[in-house]
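The structure under discussion appears below in the form of structure tokens.
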Amino acid sequence: MMNSWKSDIDDRLNEINISPEVSQKILDATVYRQKKDRGRVCLRKGLAVAFAMCVFIVGSITAFAATVPAVNDWIYTLSPTLAERLYPIHQTVEDKGIKLDVMVAVNDSHNALVYFSVQDKTGKRVDESTDIYNYSLEGPFAFNCQMLSYDEKSHTAVFQLMGTGGVNMSNKMTTLAISSFLSNKIEHAWYDTQINLADAVDRNAASEPVSNYYYSGGSGKAEDLYVLTPDQMQIALGERIDFVTVSNIGFVDGKLHIQTKWNESVDDHGQLKLVDANGNEVEVNNYYFNTDLDTQNGDRHSKHIEYVFDIADIDHLKNYHLWASFTEDGDYTQGSWNVNFRLADSENVVIDSKKEIADTIEISTLGIYFTGYRVKTEETAVVVTMKDGEQLSCRGWNTSVEEDESGSVQTNAGALFEHPVELKEIQSISLNGTLIYNHPII
């Protein structure tokens with residue numbers, strides 16, 4: 008069995024021409040003896056074993072251990088045992104010399120998680136700045152996609168895609184579709200623009216309701232906001248910055264407004280800040296809007312962003328410097344990469360004996376979910392203590408209120424662990440100092 012796993016790993020690594028150093032790390036971390044988990048269990052399918060780990064249940068409590076060779080050895084540094092339990096997919100598609108490989112996918116009706124790699128087999132269009140731009144996954148409705156690692160020698164990047172939703176998608180087919188990505192971006196780190204604001208400001212600047220334009224978001228409701236009349240100036244923000252300019256500076260309702268005009272692009276973006284001699288920054292809000300001309304560029308769009316600073320006196324401008332930071336488009340690659348695969352289900356632990364906290368508490372390697380949550384506190388702290396002494400905090404705490412057909416209202420809550428955990432390695436979990444889970448029997 009071990010030899011067959013090693014052979015499979017060798018074959019997959021050879022396909023992407025990964026560097027020998029990374030290849031050896033993956034082999035060292037993934038070729039393990041098949042194990043079975045025994046003991047009394049309180050398990051049921053349905054809650055996520057997410058982040059790169061999917062437990063595939065065979066029979067009652069026996070887990071099918073399978074090794075997934077992957078470019079990203081980071082996954083295996085978290086837990087080699089968890090890596091051993093990954094359920095492989097490896098559905099691939101190639102277009103225009105770019106190869107998409109879906110490696111692992113799991114769903115729990117709360118979240119769907121997919122790990123995939125993108126490799127440029129003919130050039131250098133995939134790099135450490137690669138950003139998957141247009142993509143979709145059937146089932147979930149809100150997504151977050153981030154790069155986990157990049158191998159320069161093979162021009163391969165590994166991504167984690169998290170999708171919220173996906174109810175009743177476990178063990179069903181879905182499709183990951185990617186139509187474009189950005190790479191080789193140009194970063195302009197924070198720098199002093201050297202613009203003399205006191206000289207540049209229009210003391211009689213006119214303003215208009217932002218509702219006169221296409222308001223796309225920002226710090227406030229459109230009906231309450233005013234912006235400077237667009238495009239009354241053209242002030243450069245630096246010698247190397249040719250994709251955005253200052254298009255107006257003035258005061259509106261006792262606050263300093265600095266308006267910027269952005270040329271057509273896919274995803275040029277950035278920030279401005281005002282800094283005094285001591286390094287203190289002024290509070291800022293942003294308004295995003297489009298003029299008629301901004302909307303005439305198809306997929307590549309223009310925009311205006313108005314930065315609103317809490318400065319009311321023009322005489323105070325001499326005390327501040329305008330700083331900027333930008334990310335400029337690099338390569339924009341379009342194609343058609345569609346992969347069909349099955350979202351695996353996962354095991355979980357369910358606790359229904361803590362009624363003072365929630366009707367039920369569900370725990371997975373990804374995080375913790377509360378149904379019928381009853382705790383009324385402004386701050387919530389979930390701490391996971393592992394058997395090796397490591398303590399994990401949680402991130403992304405959120406609550407939601409649901410109303411059923413009878414009109415009954417229920418509060419649900421959940422949070423993600425700061426990194427994946429193996430359920431049998433959890434010693435205890437506490438909520439605001441109260442023990443809610445101890446000595447799991449897995």
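Going by our numbering, the first residue of the sequence shown is number 8, and it counts up by one from there. Don't be surprised by glycine CBs; every beta carbon is placed ideally from N, CA and C.
Counting pairs of Cβ atoms below 8 Å between the segment 205-214 and the segment 246-258, do you hit three or more? Short answer: they touch.
Under 9 Å, do V382 and A422 count as touching if we go by C-beta distance? Cβ distance not < 9 Å, so V382 and A422 don't count as in contact.
Any heavy atom of the ligand MG closer than 8 Å to the beta-carbon of A207? The ligand MG is absent from the structure shown, which contains no ligand whatsoever.
Between the Cα of G261 and the Cα atoms of C401, N287, Y233, which residue gives the shortest distance? With distances taken between CA atoms, G261 lies nearest to Y233 out of C401, N287, Y233.
Kindly indicate which three-state DSSP category D322 falls into: helix, strand or coil? It is helical.
Just the C-alpha distance for D115 and E145, rounded to the nearest angstrom, thanks. Answer to the nearest angstrom: the Cα atoms are 14 Å apart.
Can you tell me whether DSSP reads A469 as helix, strand or coil? No answer is possible for residue 469: it lies beyond the span of the chain, which begins at 8 and ends at 449.
Judging by CA-CA distance, which residue of G170, L155, F188, N151 is the nearest neighbour of W344? Here the closest residue by C-alpha is F188.
On the three-state DSSP scale, how would you describe N211? Three-state DSSP puts N211 in coil, outside helix and strand.
How many angstroms separate the CA atom of V416 from the CA atom of S407? Approximately 10 Å, taken between the alpha carbons.
Residue from L183, H117, N439, G172 whose Cα sits closest to the Cα of V125: Of the candidates L183, H117, N439, G172, the one whose C-alpha sits nearest the C-alpha of V125 is L183.
Within 10 angstroms of its Cβ, does M180 collect 16 or more other Cβ (buried), or is it exposed? With fewer than 16 Cβ atoms within 10 Å of its Cβ, M180 is classed as exposed.
Identify which residue in R402, N347, I433 has its Cα closest to the Cα of K394. It is I433.
State the start and end residues of the unbroken beta strand (DSSP E) segment that holds N255. Where N255 is concerned, the enclosing beta strand (DSSP E) stretches over 251-259.
How about V357 and V315: do their beta carbons lie closer than 9 Å? Not a contact, by the Cβ cut-off of 9 Å.
Buried or exposed by the 16-neighbour rule on C-beta atoms within 10 Å, applied to T137: Buried, because 16 or more other Cβ atoms sit within 10 Å of the Cβ of T137.
Closer than 8 Å by C-beta to K131: which residues in its own chain qualify, once you throw out the five before and the five after it? Chain order, please. Contacts found: H162, N191.
Our contact map puts F150 next to M169 with C-beta atoms below 8 Å; I'd like the distance itself, whole angstroms only. Yes, they are in contact, since the Cβ atoms of F150 and M169 sit about 7 Å apart, within 8 Å.
Identify, in the order they occur along the chain, each residue of the same chain with its Cβ nearer than 6 Å to the Cβ of I436, setting aside the five sequence neighbours on each side. Excluding residues within five positions, the ones whose Cβ falls inside 6 Å are V391, I443, Y444.
Under the three-state reduction of DSSP, which class applies to N178: helix, strand or coil? Reduced to three states, the DSSP call for N178 is coil.
Endpoints, beta strand (DSSP E) assigned at I375: Counted as a single uninterrupted DSSP element, the beta strand (DSSP E) harbouring I375 occupies residues 374-378.
Straight-line Cα distance separating V113 from Y157: Looking at the two C-alpha atoms, the distance is approximately 23 Å.
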